[in-house]
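First to last, the sequence lines map onto chains A and B.
Residue numbers for the first sequence follow my numbering, so the first one is 114 and each next one is one higher.
Residue numbers for the second sequence follow my numbering, so the first one is 39 and each next one is one higher.
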Amino acid sequence: MAVAFDEMNGLGEDIRPAYRELSRWLKETPPDALEYRRQEAELLFRRIGITFAVYGDAEAQERLIPFDVIPRIVSAKEWAVLEKGLKQRVQALNLFLRDIYHGRDILRANVVPEDLIFQNPVFRPEMNGQDVPHDIYVHVAGIDVIRTDAENFIVLEDNARTPSGVSYMLENREIMMRLFPDLFARHRIAPVERYPDELLAALRSVAPDSASAEPTVALMTPGVYNSAYYEHSFLADKLGIELVEGRDLIVKDDEVFMRTTEGLKRVDVIYRRLDDDFIDPLTFRPDSALGVPGLMSAYAAGNITLANAVGTGIADDKAMYSYMPEIVRFYLSEQPILKNVQTWRCREPKDLAYVLDNLDQLVVKEVHGSGGYGMLIGPAATKATIEAFRDKLKREPEGFIAQPTLALSTCPTCTEAGLAPRHVDLRPFVLTGSNHTTIVAGGLTRVALKEGSLVVNSSQGGGTKDTWILDE
Amino acid sequence: MLSRTAENLYWLARYVERAEYIARTIDATLRVTALPAAYIGKTNEWESALLTAGVSQSFYQVYDEANEQNVVDYLSFNANNPSSIKNCIEAARLNSRSVRTALTSEMWDTINSAWIELQEVWAKGTKTREELARFLRFVQETSLRFDGSAYRTMLRNDAYWFSRLGVHLERADNTARILDVKYHVLLPEEEHVGGPLDYYQWTSILRSVSALTAYHWVYRETLKPWLIADLLILNDSLPRSLASCYGNLVRNLDQIGVAYGRQGSAQRHARGVRNRLEHSNIDDIFQHGVHEFIQEFLADNSRLGEIITRQYLT
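Pasting the structure below:
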């Protein structure tokens, strides 16, 4: 694999302008001081209780996501392009969803194959013909982008269901400002702290017509054992809204209420952080104890807004991903600003043949997988693993896509052997309300802490960094 | 606020209060059992510790003998004992996590850092008396810190009031339990049979509710068992007395009633119990029987818990 593009050093020439000040500062700062601050940061995270759970790992039920104190920096110019591209992409996602659950122009135009929609388990027939306020389906999107050179950001994945990680964007910044005030004074960094206000405004703007002038918004969590529970409670706190579980809600005459110490109180908008499958046992999984019986009928009656809407999974499915450039062109009649990673659809025989021939070069992902589980990284896999995967692929080709092994850009990171380049990605959060789409300048930078590793997922040993968008 | 949030706050406060109380009970028992037998007679103080913690029955399903090692283990660490300090702290942390948004960061930090600190104690246990003493002190300090941060940092709204209800209901229950187990050493002079042997029992009782110094300030007398009973039951100025707990319960319930614009059976019931305490004097209580009085109080107190749950927490 070729040498990766480095966020600070480019391809080995001069320090890139956005990183000049940081580089100077790193030279002035003794390694001990850095290590000391790193330990301090870890202590802070643990005390604040910013933990996540790893499923199936009883030993480490609550773990910290490792935090790296070296920030990742994006210049104002780079950000401007990225921001425009992200808005365009999310706009297209919303138009696509509206279309799929209504007129289906895109299917008639043969841009996307029909069976990819109708045979997809995340397609929700319950949403057919159902209107949602302001035609917004994806109120909160987390779009994962990577870069391989100085020019382009490339979209790796759209997250249009219940993307998480924004609490790290906010907390990482808090902790960095506490630990490195001098470094902040030497840069002009766009603040991220208005994210909760923007989110609340977006959520209130999509309240149903039947809501009062002061709509009640609640954040719905699967509960304290969910891996992202910390984030749920953190956001509810910052937004000043109730953090509800299914058992706190009750549906009466197609309206949703929460049980309070003063009796029942109507809820108008639910920012829900659990999957479609679990929200209403009467409609979806009957064994779900996390949901609210009747929620979908209140939804159908237009008395509650769910954010994100039900059925958005059809838009961020990995199989659908490869069609995103066409989707953007179809609805917006514009060229996509952000590129896609080249993707082979294993459902197509020609692509499958190529993939099977080049397994040792490719990354193969499950169409419905997430969190870095169930993927094959060809160059890093053993022969036996590759052969096992080959069988899986042949048995169920439509369940997989493949992509080239990308040399994700690297960023200097604290390691046991001092500063060293580690691969990073970036997840900015895109908010859509009734009349506009906003992106707080920042995001979650995830870093693969193991040398050479390309997997940045926290469940697989990835860490996070503060992300600085320079405000020049 | 959400009923579940109120319920969590209420139980969180109860668990922390209970952990402290159990720690105090062990502490006081260690002191009294360290004395030569001639000073305390042949009573099994570890047995009484189990009784005051209200876990005597379940203890004997696990152990045969109520000795120091077994009882300390059961009260401090045993997972099968729902009231063990470990379970109280674990439950308090879980409750805190569920209602983080309703806690101030100081309260959360107290519980969370105590929980982190105690993981090591859970893993290794306490091997020496010194380690045990340090552990018990830490638990008591955690409770003080938690209570202090609630008092100093919480908004005075329903979240605060529900949390206070938990504290005072639990406290009243604990004080009443000690009295229930030890009432026989607190009888008036003429009925008293134990003589000086009981002196150390008395100090032990006062210690477990942190009232030894308070006694001297209030009565300016040597220890008299009936005065101890008076202090713990009727003296409004002692924070752990039944009268003080009910004064607080009534006040906090009233504040909830005013904020919500309506009163209910919880307010009425609490006021009834408080009035009875206000209009009693210690002689009458002895005349009618301390034991019966306390039994009745314990029943009333747990009934208040049920009423609060029905009225607000479900």
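Cβ coordinates follow ideal geometry from the N, Cα and C atoms, glycine included.
Predicted, not measured: the structure shown is a model, and the values here were computed from it.
- Apart from the 5 residues on each side of it in sequence, B:Glu106 sits with its Cβ closer than 7 Å to the Cβ of Thr71 and Trp84 in its chain, given in chain order.
- Taking C-alpha positions only, A:Ser547 is separated from B:Asp211 by approximately 54 Å.
- Within the region 399-429 of chain A, the runs of beta strand (DSSP E) at least 3 residues long that lie entirely inside it are, in chain order, 418-420.
- The C-beta separation of B:Asn339 from B:Ala214 comes to about 7 Å, placing the pair in contact by the 8 Å criterion.
- Taking 8 Å as the CB threshold, A:Glu375 lines the interface with chain B.
- Cβ neighbours of A:Asp473 within its own chain (closer than 8 Å, five residues either side excluded): Gly491, Pro492, Ala494 and Ile499.
- Ranked by Cα distance from B:Arg245, the first of B:Arg258, B:Glu144, B:Ala197 and B:Leu217 is B:Leu217.
- Among the residues of chain A, those whose CB is under 9 Å from the CB of B:Asn150 are Arg159, Arg160, Ile161 and Gly162, following chain order.
- Among the residues of chain A, none has a CB under 7 Å from the CB of B:Met192; the nearest is roughly 14 Å distant.
- Using a Cβ distance threshold of 8 Å, B:Leu47 and B:Ser201 count as a contacting pair.
- With contact defined as three or more Cβ pairs closer than 8 Å, the region 324-343 of chain A and the region 352-362 of chain A are in contact.
- When the beta-carbon positions are compared, A:Arg307 and A:Val568 stay at least 8 Å from each other.
- Counting C-beta atoms within 10 angstroms of its own C-beta, A:Phe231 has fewer than 16 neighbours from the protein chains shown and is therefore classed as exposed.
- The C-beta of B:Ser201 comes no closer than 8 Å to any C-beta of chain A.
- A straight-line Cα-Cα distance of about 29 Å links A:Ala530 and A:Met488.
- Assigned with DSSP and collapsed to three states, A:Pro234 falls in coil, not helix or strand.
- At a cut-off of 8 Å between beta carbons, B:Asp196 contacts chain A.
- As DSSP reads the structure, A:His536 sits in a beta bridge with A:Thr523.
- The C-beta of A:Arg291 comes no closer than 8 Å to any C-beta of chain B.
- Against B:Ser136, the close residues of chain A are Val337, in the order they occur along the chain (beta-carbon pairs closer than 7 Å).
- Beta bridge pairing from DSSP links A:Ala222 with no other residue.
- For B:Leu132, the chain A residues whose Cβ falls inside 8 Å of its Cβ are Val337, in order along the chain.
- Within the region 344-356 of chain A, those residues whose Cβ lies closer than 7 Å to any Cβ of chain B are, in chain order, Ser346, Ala349, Asp350, Glu355 and Leu356.
- A Cβ-Cβ contact shorter than 8 Å links A:Val251 with A:Thr545.
- Contacts with chain B at 8 Å (Cβ-Cβ) include A:Arg372.
- If you look at A:Gln474, you'll find it isn't in any beta strand (DSSP E); DSSP assigns it neither H nor E.
- With a cutoff of 8 Å on beta-carbon distance, B:Ser122 and B:Leu50 are scored as not near each other.
- For A:Val568, the three-state secondary structure derived from DSSP is coil.
- One finds Leu40, Ser41 and Arg42 in chain B with Cβ atoms closer than 8 Å to the Cβ of A:Asp361, taken in chain order.
- Between the region 209-216 of chain A and the region 392-409 of chain A there are fewer than three C-beta pairs closer than 8 Å, too few to call the two in contact.
- Annotation: B:Ser94 to B:Glu103 spans about 11 Å, alpha carbon to alpha carbon.
- Contact fails between the region 256-276 of chain A and the region 134-142 of chain A, because fewer than three Cβ pairs, one in each stretch, are under 8 Å apart.
- Residue-level contact check: B:Tyr298 touches chain A, since one or more beta carbons of chain A fall below 8 Å from its beta carbon.
- If you draw a 10 Å sphere on the C-beta of A:Thr580, you find 16 or more other C-beta atoms in it, and that means buried.
- Residue-level contact by beta carbon holds for B:Ile154 and chain A, with a gap shorter than 8 Å.
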